[in-house]
Amino acid sequence: MINVTKTFLPPFEEYTKMVKRAWDKGWITNNGELSIELEKKLKSYFEVSNFLFCGNGTIALQMALKALEITGEVITTPFSYVATTNAILWENCRPIFVDINNENFCIDASKIEKAITPKTQAILATHVYGCPCDVNAIETIARTNNIKIIYDAAHAFGTKIYGKSVLEYGDVSTCSFHATKLFHTVEGGCITTKDDALARKLYLLKQFGHLGDEYFCIGINGKNSEMHAAMGLCNFKYIDEILEKRKSQWLLYKELLKSSNLQILNIGKEIHFNYAYFPLIFNSQKDLVKAMEELKFKNIIPRRYFYPALNTLPYLNYQPCPIAEDIAKRIICLPLFHDLTDEQQLTIINIILEKQS
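My numbering puts the sequence shown at residues 1 to 357.
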């Protein structure tokens, strides 16, 4: 079977050797030396001001909303993983959906201002498939209207725009280190901010709001373990190799599809892309379903990612976003992982193109 993704794993001996450092100390959670070492390495890698290693990307979003004291309306995208919307709802805020553009499927910055009301307190936007939002336009809108910016950069490990990591934009940015991601710690994530005072607040929130016997605020368990940090430290050794391989695979898909009329992601020249996902947009939902059925018959499993559009979730009041709803019905992500071969990619594309003729 060729699944949509396959977790990259370092040599088992390297992982067990790394875990043994924590094992021998008997310190396997609560900000141990492996977690601190991983934080330092990733902070340097991203060249960000403040960096916190967290339990997962979703708790990082919740912490961001809590730290920024967001309690009202949050302008957000209908085209993301459900965690983006759920984090808003979990913090008892109201998501206000703004439609996406039809080139990189990020929130359409030109439509944000019309959605702002006196109750608007934040914009929570996703860098979709690792492709950045229009960060300059969003920054201008937010500062003009005195609202906060949170970026869900779950897909954007290694992506830069205008020469800076995407994690350095907004009031807060978050990332996911889930096992399906380019870089992973099995489960995990991070939160970054340029604001030192906000970083301290986030640090307290991450560990129940206290330092030793001194209690400062309400908090939650947003920490991660030494076992997860060990996986991150091992995988970090291979990140350049992983990114280079992913780029070559992505470009091969693009080359194999150049004669088709199917739409692929449009990447701006100002972007240093991480090639995390290869989304493919069919001309109709009928064509998509037909291709997926044939791929599944051949034991190839892509994913309808993202489907459905989040503004159509059954537990929300419907807010129309026609572009997101249309794209969600016609898009899949093709298999893309470190061990995927050229031959497997060729097989996948041949099956898809045969079903388009």
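Ideal placement from N, C-alpha and C gives every residue a C-beta, glycine not left out.
Item                                                                                                                              : Value
Nonlocal neighbours in the same chain, by C-beta distance under 7 Å from residue 270, ignoring five residues either side          : 161, 162
Buried versus exposed call for residue 143 [16 or more other C-beta atoms within 10 Å across all chains shown]                    : exposed
Spatially closest choice to residue 369 from 351, 295, 281, by CA coordinates                                                     : Limits of the chain in this structure are 1 at one end and 357 at the other, which puts residue 369 out of reach.
Beta-carbon spacing of residue 206, residue 223 below 7 Å                                                                         : yes
Check whether residue 397 and residue 235 have beta carbons under 7 Å apart                                                       : Outside the displayed span of the chain (1 to 357) sits residue 397, for which this structure offers no information.
Boundaries of the beta strand (DSSP E) in which residue 191 is found, first to last residue                                       : 189-193
Local conformation of residue 103 per DSSP, three classes                                                                         : coil
Residue 25 to residue 151 span [Cα, whole Å]                                                                                      : 37 Å
Span of the beta strand (DSSP E), counted from its first residue to its last, around residue 289                                  : Run containing residue 289: none in the beta strand (DSSP E); it sits in the alpha helix (DSSP H), 285-297.
Distance CB(residue 133)-CB(residue 125) smaller than 7 Å                                                                         : yes
Cβ-Cβ distance between residue 176 and residue 158 below 7 Å                                                                      : no
Residue 337 to residue 326 span [Cα, whole Å]                                                                                     : 27 Å
Sequence-distant residues of its chain with Cβ nearer than 6 Å to residue 113 (five each side left out)                           : 141
Sequence-distant residues of its chain with Cβ nearer than 7 Å to residue 245 (five each side left out)                           : 338
Proximity below 7 Å, CB of residue 79 to CB of residue 105                                                                        : yes
Sheet register partners of residue 133 (DSSP bridge)                                                                              : DSSP output for residue 133 lists no bridge partner at all.
The stretch 224-234 in contact with the stretch 40-59 per 3-pair CB rule at 8 Å                                                   : yes
Residues bridged to residue 152 [DSSP beta-bridge criterion]                                                                      : 126, 174
Same chain, Cβ closer than 8 Å to residue 267, neighbours up to 5 away in sequence not counted                                    : 104, 131, 273
Other residues of its chain near residue 239: CB distance less than 7 Å, five sequence neighbours each side excluded              : 183
Cβ neighbour criterion (16 or more within 10 Å) applied to residue 321                                                            : buried
Simplified DSSP state of residue 12, which is helix, strand or coil                                                               : helix
Segments of 3+ residues assigned as beta strand (DSSP E) that fall wholly inside the stretch 213-290                              : 279-281
Cβ-Cβ distance between residue 64 and residue 166 below 7 Å                                                                       : no
Beta-carbon contacts of residue 333 that lie in its chain and below 7 Å, excluding the five residues immediately before and after : 4, 277, 278, 279, 302, 303, 305
Reduced DSSP secondary structure (H/G/I, E/B, other) of residue 69                                                                : coil
Inter-stretch contact at 8 Å, needing at least 3 Cβ pairs: the stretch 249-269 / the stretch 196-206                              : no
Which listed residue (84, 28, 38, 27) has its alpha carbon closest to that of residue 233                                         : 38
Contact set for residue 209: own chain, Cβ-Cβ below 7 Å, skip 5 residues either direction                                         : 215, 216, 217, 218, 219
8 Å contact criterion, which residue 107 and residue 100 should meet: CB distance rounded                                         : 6 Å
Beta carbon proximity, residue 201 to chain B, threshold 7 Å                                                                      : The chain labelled as chain B is not found in the depicted structure, where only one protein chain is given.
Beta-carbon gap between residue 75 and residue 93 smaller than 7 Å                                                                : no
Which listed residue (356, 248, 60) has its alpha carbon closest to that of residue 340                                           : 248
Distance between residue 164 and residue 229 (C-alpha atoms, nearest Å)                                                           : 25 Å
Residue 10 versus residue 231 - alpha carbon distance                                                                             : 8 Å
Distance between residue 31 and residue 275 (C-alpha atoms, nearest Å)                                                            : 31 Å
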